[in-house]
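Colleague:
Protein chains: 2
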Amino acid sequence: MPRQVDHADRRRIVAEAVCELADEHGLEGVTLRDVAARAQVSMGAVQRCFRTKEEMLVFALGHIGERIGSRVRARLVRSPAQSAATALGHAATEVALLREEHRAEARVWLAFVAQAAVSEALAGTLKASYAALEESFAGLVAEALEDPARTVPVDPRREARTLLALADGLTAHVLIGHLTPRAAQDVLDAHLTALFTD
Amino acid sequence: MPRQVDHADRRRIVAEAVCELADEHGLEGVTLRDVAARAQVSMGAVQRCFRTKEEMLVFALGHIGERIGSRVRARLVRSPAQSAATALGHAATEVALLREEHRAEARVWLAFVAQAAVSEALAGTLKASYAALEESFAGLVAEALEDPARTVPVDPRREARTLLALADGLTAHVLIGHLTPRAAQDVLDAHLTALFTD
DNA sequence: ACAGTTCCGATGCGCTCGTATCGGAACGTG
DNA sequence: CACGTTCCGATACGAGCGCATCGGAACTGT
Chain A
10 MPRQVDHADR RRIVAEAVCE LADEHGLEGV TLRDVAARAQ VSMGAVQRCF RTKEEMLVFA
70 LGHIGERIGS RVRARLVRSP AQSAATALGH AATEVALLRE EHRAEARVWL AFVAQAAVSE
130 ALAGTLKASY AALEESFAGL VAEALEDPAR TVPVDPRREA RTLLALADGL TAHVLIGHLT
190 PRAAQDVLDA HLTALFTD
Chain B
10 MPRQVDHADR RRIVAEAVCE LADEHGLEGV TLRDVAARAQ VSMGAVQRCF RTKEEMLVFA
70 LGHIGERIGS RVRARLVRSP AQSAATALGH AATEVALLRE EHRAEARVWL AFVAQAAVSE
130 ALAGTLKASY AALEESFAGL VAEALEDPAR TVPVDPRREA RTLLALADGL TAHVLIGHLT
190 PRAAQDVLDA HLTALFTD
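Note that the protein sequences, when read in sequence, are chains A and B. The opening residue of the first sequence carries number 10 in the numbering used here; numbering runs sequentially from there. The opening residue of the second sequence carries number 10 in the numbering used here; numbering runs sequentially from there.
1. From this set, A:Gln91, A:Arg82, A:Arg112 and A:Ser92, which residue's C-alpha is nearest A:Ala100's C-alpha?
2. Report the rounded CA-to-CA distance for B:Arg112 versus B:Arg19, giving the unit in angstroms.
3. Would you check if the distance between the CB atom of B:Ala169 and the CB atom of B:Phe146 is smaller than 8 angstroms?
4. Using the beta-carbon of each residue, which ones in chain B are nearer than 9 angstroms to A:Asp156?
5. Quick check: is the beta carbon of B:Arg167 nearer than 8 angstroms to any beta carbon in chain A?
6. What is the DSSP secondary structure of A:His187, counted as helix, strand or coil?
7. Quick one: which residues of the segment 102 to 116 of chain B get their C-beta closer than 7 angstroms to a C-beta of chain A? List them in chain order.
8. If you reduce the DSSP assignment to three classes, tell me which class B:Leu154 lands in.
9. Using 8 angstroms as the threshold, is the segment 58 to 73 of chain B in touch with the segment 130 to 138 of chain B, meaning 3 or more CB pairs across them?
10. Taking 8 angstroms as the threshold (beta carbon to beta carbon), is A:Gly98 in contact with chain B?
11. Using the C-alpha atoms, what's the distance from B:Thr160 back to A:Phe121?
12. So which residues on chain B does A:Ala120 lean against when the C-beta distance must stay under 9 angstroms?
13. For the segment 56 to 73 of chain A, list every residue whose C-beta sits within 9 angstroms of some C-beta in chain B, in sequence order.
14. Roughly how many angstroms separate the alpha carbons of A:Ile77 and A:Val104, rounded to a whole number?
15. Label A:Leu204 either buried or exposed according to how many other C-beta atoms from any shown protein chain fall within 10 Å of its C-beta, with 16 as the threshold for buried.
16. Indicate the three-state DSSP secondary structure (helix, strand or coil) for A:Ser145 in the structure shown.
17. So what does DSSP say about A:Ser51, is it helix, strand or coil?
18. Can you name the start and end residues of the alpha helix (DSSP H) that B:Leu85 belongs to?
19. Between B:Ala153 and B:Ser92, which are expected to be in contact by the criterion C-beta below 8 angstroms, what is the C-beta distance as a whole number of angstroms?
20. Please classify A:Thr202: does DSSP put it in a helix, a strand, or coil?
21. Determine the DSSP secondary structure at A:Asp177, reduced to helix, strand or coil.
22. Can you find the residues in the same chain that come closer than 8 angstroms, C-beta to C-beta, to A:Gly148, ignoring five residues on each side of it along the sequence?
23. Pull up the CB-CB distance for A:Val118 and A:Ile73, whole angstroms please, since I reckon it's below 8 angstroms.
24. Starting from B:Phe121 and walking both ways along the alpha helix (DSSP H), at which residues does that stretch end?
25. Can you give the Cα-Cα distance for A:Leu135 and B:Asp156, rounded to whole angstroms?
26. Does DSSP put B:Asp195 in a helix, in a strand, or in coil?
27. Can you name the residues of chain B whose CB is closer than 7 angstroms to the CB of A:Glu37?
28. Could you give the DSSP three-state label for B:Gly35: helix, strand or coil?
29. Once the 5 residues before and after A:Glu29 are set aside, which same chain residues still bring their CB inside 7 angstroms of it?
30. Please tell me whether A:Gly148 has its Cβ less than 8 angstroms away from any Cβ of chain B.
31. Between A:Ala192 and A:Asp198, what straight-line distance do the alpha-carbon atoms span, to the nearest angstrom?
32. Starting from A:Glu109, follow the alpha helix (DSSP H) in both directions and report where the run begins and ends.
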């Protein structure tokens, strides 16, 4: 067996470059040449890792989805003593990518979501990510609201979907400058408070 | 004065073509040639209406924003006798573009939102549309919740922002296939019900 | 009818894109 | 130390892009 290369690792490096460029110029500003340059490899190397550009984009989407998902999961288990409600608030904030240092990820994610509306391959990857998030959220909502003294019954799945959609919508509105991150956080907090005080 | 052409009208026709193509192949699938062909005019005519492609896209965004906005406004005044709460529900459904026949508009809108995250020109137009919607919604929320018997005070502006973000998030989730239109409508209805029964 | 102005369809240019190709560098193996 | 395999950098290619150009069609006012 002659010269071998860690393909998995290179794919990750390339995916990072894709995300950086998508953050700066949008998804359509991502070209193979620029990606290769940013990743400090040759175009040939990129082509060896991914047969086509679409394959590269799909991998990059999965990569960033994995990163966000694992950060959310980390938030959920960091402090086992916290209430489910608190955990849910943290996780939702994480999903909404409101913190300044995650603005880039938010832009990339939004670009992928828009593209997924017309690309079956991207849509599949995205749906998997969202399904996993919805599951996590639904579990947390159920746990946080299992108080038998509640006057109004709540559908955990529906509340999870609400939270997820709200987080995504807030992310978009922050990105285009309609809301400040602070205002978005305020909206999110108010929604959660209302959810847990009914 | 020699031969004259209704430029405003042609711009509208071209904008329609832009939206149709953006719906089918995403915003980056929109080329001047395809737009001209779809609008049944020559490329030269398109170039006469819009100096650059970006100018064309900005106009198209404004055009579709105007269409959606006026539809929302129509919903708000159609039946003056309806309660503010009902009007708000209708308007929110309209903004979320959940009805099948508006799916195309939703895809176009999402494409523009994503692009606006990296394009100042588009972001400006979008912000104006959202600001107007938020204003309308905030007014309706205030009207619907002016019941002095309410136990918990509500910030109309914040609720308007919540509603707007939720609607946008739901739109995106429907487009990528994570939610069915029915499920999205269900989420929206539940949110409004909770808002008006607290 | 003619002159003057506006408009636009056709065409070309320069560029960038994604992809295909291939010769040689790199390296484990016998 | 060659040999064989794997890898990749450089380059070529055809397609498609946005944009510029321009000659003549179309139409108005005289």
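Idealized CB from N, CA, C, for every residue including glycine. Since the structure is predicted, the reported quantities are computational estimates derived from the model, not experimental observations.
Modeller: Once the coordinates are examined:
1. A:Arg82
2. 24 angstroms
3. yes
4. Ordered by position in chain B, no residue passes the 9 angstroms Cβ test against A:Asp156, which lies about 16 angstroms from the chain.
5. yes
6. coil
7. Arg116
8. coil
9. yes
10. no
11. 42 angstroms
12. Ala123, Gln124, Ala126 and Val127
13. none
14. 7 angstroms
15. buried
16. helix
17. coil
18. Lys62 to Val86
19. 7 angstroms
20. helix
21. helix
22. Pro165
23. A small fix is needed here, since residue 118 of chain A is Trp in this sequence, not Val. The Cβ separation is near 7 angstroms, so the contact holds.
24. Arg112 to Ala125
25. 42 angstroms
26. helix
27. Glu37
28. coil
29. Arg47
30. no
31. 10 angstroms
32. Element bounds for A:Glu109: n/a, residue is neither H nor E.
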